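S.K.:
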Amino acid sequence: MNQVAWTTPPTELQTLARALAEVGRTLHARGWLPATSGNLSARLADGSMAITASGADKGSLRGPPSGDVLHSSPGGEVLSPVGGRTSAETLLHVQIYRHTPGARAVLHVHSPAATVLSRIAGPAVSLEGYELLKALAGISTHDHVARVPVVPNRQDMRELCGLVQPLFDRGEAPHGYLIEGHGMYAWGRDLAEARRHVEALEFLFECELRHRSLR
Ligand SMILES: [Zn+2]
Numbered sequence: 013m014n015q016v017a018w019t020t021p022p023t024e025l026q027t028l029a030r031a032l033a034e035v036g037r038t039l040h041a042r043g044w045l046p047a048t049s050g051n052l053s054a055r056l057a058d059g060s061m062a063i064t065a066s067g068a069d070k071g072s073l074r075g076p077p078s079g080d081v082l083h084s085s086p087g088g089e090v091l092s093p094v095g096g097r098t099s100a101e102t103l104l105h106v107q108i109y110r111h112t113p114g115a116r117a118v119l120h121v122h123s124p125a126a127t128v129l130s131r132i133a134g135p136a137v138s139l140e141g142y143e144l145l146k147a148l149a150g151i152s153t154h155d156h157v158a159r160v161p162v163v164p165n166r167q168d169m170r171e172l173c174g175l176v177q178p179l180f181d182r183g184e185a186p187h188g189y190l191i192e193g194h195g196m197y198a199w200g201r202d203l204a205e206a207r208r209h210v211e212a213l214e215f216l217f218e219c220e221l222r223h224r225s226l227r
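FYI, the numbering used here numbers position 8 of the sequence shown as 20, with every residue one higher than the one before it.
1. Starting from the Cα of Gln107, find the closest Cα among Gly71, Tyr189 and Ala47 and give me that residue.
2. Can you tell me whether Ile151 is helix, strand or coil according to DSSP?
3. Examine ligand 1 and report whether any of its heavy atoms sits within less than 7 Å of the Cβ of Gly59.
4. Give the DSSP bridge partners of Val157, in chain order.
5. Our contact map puts Leu203 next to Ala54 with C-beta atoms below 8 Å; I'd like the distance itself, whole angstroms only.
6. Am I right that Leu32 and Val81 are in contact with their C-beta atoms under 8 Å? What's the rounded C-beta distance?
7. Quick one: Cα of Ala62 to Cα of Ser84, how far?
8. Pick helix, strand or coil for Arg55, following the three-state DSSP scheme.
9. Taking the alpha carbon of Ser225 as the point to measure from, which residue in Leu103, Gly87, Val162 and Ile132 has its own alpha carbon closest?
10. Tell me which residues share the same chain as Val163 and place their Cβ nearer than 8 Å to its Cβ, disregarding the 5 neighbours each side in the sequence.
11. Starting from the C-beta of Ala136, find all residues in its chain whose C-beta is less than 7 Å away, skip the five residues before and the five after it, and write them out in chain order.
12. Which residue comes first and which comes last in the beta strand (DSSP E) that contains Val118?
13. Going straight from the alpha carbon of Val121 to that of Gly87, what length do you get?
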């Protein structure tokens, strides 16, 4: 883990880094970020990102001056601390911010229900009739079908970005998407909304799994 000191970070960056560390610890405690997996980011007003460092244990994330949360350019190049390293999946965060102008936070979790459902759902998970759909931005009734797309997993991030891109081109991922056998990406207008989306979707996926097991 990176222990390099930060170079006098601006207040907005410090605030977001501390908030990301707290969200990481909370989601880890729920079992959604096991074994250093997942990555979390928030976008600053200038378009740059606060993003978790590669390999950081999300259960013990610390804010500045630790190197657990890095400052990167909008394209994902590390600005501070010098020598910091982001996850290869940073490219997926960059892609989401680029194609979802309202997104200010992206949370990638390896949550159990999302991971299992992504393996059996086919090209999308349809969620219908659940009250908690209303926790997703823009949905005001249970009488709604929310489709969460599933893309195949790849280790080559540019290839994976290529598989995800049509979702943005066609406007098919308003809140997030699943990667098959891997986990969930969800975002929001701020960190609180992104976290609400992760919690709501994981709850809905869990309900959907249990419902399917009864059929
Ligand atoms: Zn992942």
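Idealized CB from N, CA, C, for every residue including glycine.
Computed from a predicted model, the values in this text were never measured in an experiment.
M.R.: The short version:
1. Residue 107 sits at position 95 when you count from the first residue of the sequence shown. Cα-wise, what sits closest to Gln107 is Tyr189.
2. Counted from its first residue, the sequence shown places residue 151 at position 139. Under the three-state reduction of DSSP, Ile151 is assigned to coil, being neither helix nor strand.
3. Looking up residue 59 in the sequence shown gives position 47. Answer for Gly59: no, Cβ out of range of ligand 1.
4. On the sequence shown, position 145 is the one that residue 157 refers to. DSSP lists Glu140 as partners of Val157.
5. Taking the sequence shown and counting its residues from 1, one reaches residue 203 at position 191. Taking the sequence shown and counting its residues from 1, one reaches residue 54 at position 42. The Cβ separation is near 5 Å, so the contact holds.
6. In the sequence shown, counting from the first residue as 1, residue 32 sits at position 20. In the sequence shown, counting from the first residue as 1, residue 81 sits at position 69. About 5 Å; that satisfies the 8 Å criterion.
7. As a first step, residue 62 must be located in the sequence shown, where it is residue number 50. As a first step, residue 84 must be located in the sequence shown, where it is residue number 72. Near 6 Å, if we compare the C-alpha coordinates of Ser84 and Ala62.
8. Your numbering for residue 55 matches position 43 in the sequence shown. Strand.
9. Mapped onto the sequence shown, residue 225 falls at position 213. Looking at the Cα atoms, Ile132 is the closest of the given residues.
10. Within the sequence shown, the letter at position 151 stands for residue 163. Taken in chain order, the residues that qualify are Leu172, Leu175, Val176, Leu179, Tyr189, Leu190, Ile191 and Glu192.
11. Taking the sequence shown and counting its residues from 1, one reaches residue 136 at position 124. Correct list, in chain order: Arg159, Val160, Pro161 and Val162.
12. The sequence position of residue 118 within the sequence shown is 106, counting from 1. Looking at the DSSP string, the run of the beta strand (DSSP E) that includes Val118 is Ala117 to Val121.
13. To locate residue 121, count along the sequence shown from 1; it is residue 109. To locate residue 87, count along the sequence shown from 1; it is residue 75. Those two C-alpha atoms are separated by around 21 Å.
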